[in-house]
Every structure is written in C-alpha cells, then in structure tokens.
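Going letter by letter, the sequence shown gives residues -23 to -1, 1 to 143 in mature numbering (1 follows the signal peptide of the UniProt record, and there is no 0). Since the structure comes first, as structure tokens, the remarks are kept for the end.
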Amino acid sequence: MKSKLLMLAGVAGILMASPSSNALADVNIRIGTGGYHRPAFVIDRPPTFVRLATPGFSIAIGNSPYDIILSGNFYYLYNNGHWYRSHRYNGPWKEIHHRKLPYKIRRYRIDQIRKFRAVENNRWHNRYDRRDRRFERRDDRRDDRRDDRRDDRRYDRRDDWPMQRR
C-alpha cells in the first residue's frame, strides 16, 4: 500500500514539475481609483444658440437639457458642479477646472448664466410665437373673406335671377 502511495506521489510530482505549454493562464484585474473617465452626455440634436451681447458668449436655449455655452471654438457644459469642454456639441466632453474657463464665462456664476438664458428664452419664444399668431390671424381673415365671396358668387348666378325671356 505504501508503495502505491509513493508511486502515485511520484507521478503527481512529475506531472506538476513538467511545464505544459497548453496550460498557461493569465489574470488581469484593473481597479479604477479616480482615474480619468469621459462622461456621457446625450445630446441628440444640435441646440439652438443665442448670442448674448452683454456677457459676450452664446448660450443654448430651447429644449437643451444641459447648460451649454458656446465661446470661441469650444462648447462648455455645466453639470452637477463640474465644467466640461468639447470641440463639438455632442462631445466627447473633457472635464476642466473652473480656472480654465474663458474669462467671459468665469466672471459669471451659473445662476446668473441661467437667468440670462431664461430671459433670452422668453424673448425668443415670444418673438416667434407672435409671428406664428400673426400668420394665423391673416389666414383666418383670408378664410373669412373667401367665405364672403362665395356667398356673393352664389347670388350672381343667372339661375337665381328671374328670367326675362321664356
């Protein structure tokens, strides 16, 4: 029995000692501890920008879910206390420090920028809403005039007038 155990231990030792080329394994584990990551902001269509004369930059108005500013050749986005910069409106966005912002943007707090956006957004919507309503009123008046003319034409027919000859 002892001889069988020794022989089994010897075979196991030989198998473990000989390197096998098929049994190579590699383990790679990465743990991120504050490394760089690119945030994913979903902007499905180009935002509408309005140039603000007083601050000197353009701001996104309308249905933009983020605070996006266009200054020079860069787009700046503010989200959750962080500023991001990109060459395109849909990214890729790179986080930047507040001191790296252009002075035109840096000199205003985000709540002031949002007030600028709210004022321009109301001004822009009122301007175009009035235009749309003006065209609607014109169309309504035009339709009324057409209806009046139709009534006149109905009485201008020869059949409605008494016949002179029979």
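For every residue, glycine included, the Cβ atom is placed at its ideal position computed from N, Cα and C.
Proximal residues to G(-14) (C-beta, below 8 Å), its chain only, five neighbours per side dropped: Counting only residues of its own chain and dropping the five nearest sequence neighbours on each side, G(-14) has no CB closer than 8 Å to any other CB.
Whole-angstrom distance between Y53 and W70, CA atom to CA atom: Rounded to whole angstroms, W70 to Y53 spans 9 Å at the Cα level.
Residues of its chain near E72, where Cβ-Cβ distance is below 6 Å and the 5 sequence neighbours each way are ignored: Around E72: H59 and Y61.
Coarse secondary structure for F51, derived from DSSP in three states: Assignment of F51 by DSSP, reduced to helix, strand and coil, places it in the strand class.
Segment limits, beta strand (DSSP E) that includes Y61: First-last of the beta strand (DSSP E) with Y61: H59 to S63.
Where the beta strand (DSSP E) through E73 begins and ends: The question names Glu, yet the displayed sequence has Ile at residue 73. Note, I73: beta strand (DSSP E), K71 to I73.
Buried or exposed (CB count within 10 angstroms, at least 16 for buried), R94: The residue is buried, with at least 16 neighbouring Cβ atoms inside 10 Å.
Integer-rounded CB distance, given that E97 should sit under 8 Å from L29: The Cβ separation is near 7 Å, so the contact holds.
CB-CB length for G33 against K92, believed under 8 Å: That pair is no contact at about 16 Å.
Run of the beta strand (DSSP E) containing R28, from where it starts to where it stops: Taken as a continuous stretch (DSSP letters only), the beta strand (DSSP E) holding R28 covers T25 to L29.
Beta carbon of P24 nearer than 8 Å to that of Y66: Yes; because the gap between Cβ atoms is below 8 Å, this pair is in contact.
8 Å Cβ cutoff met for V27 and I20: Not closer than 8 Å, so no.
Where I20 sits in the DSSP three-state scheme: In this structure, I20 counts as coil in the three-state DSSP scheme.
7 Å CB neighbourhood of G68 in its chain, flanking five on each side removed: Result list for G68: F18, in chain order.
Extent of the continuous beta strand (DSSP E) to which S35 belongs: For S35, the enclosing beta strand (DSSP E) begins and ends at F34 to I38.
Run of the alpha helix (DSSP H) containing K77, from where it starts to where it stops: Segment: none, K77 is in no alpha helix (DSSP H) and carries neither H nor E.
N98 in three-state terms, based on DSSP: Of the three classes helix, strand and coil, the one that applies to N98 here is helix, per DSSP.
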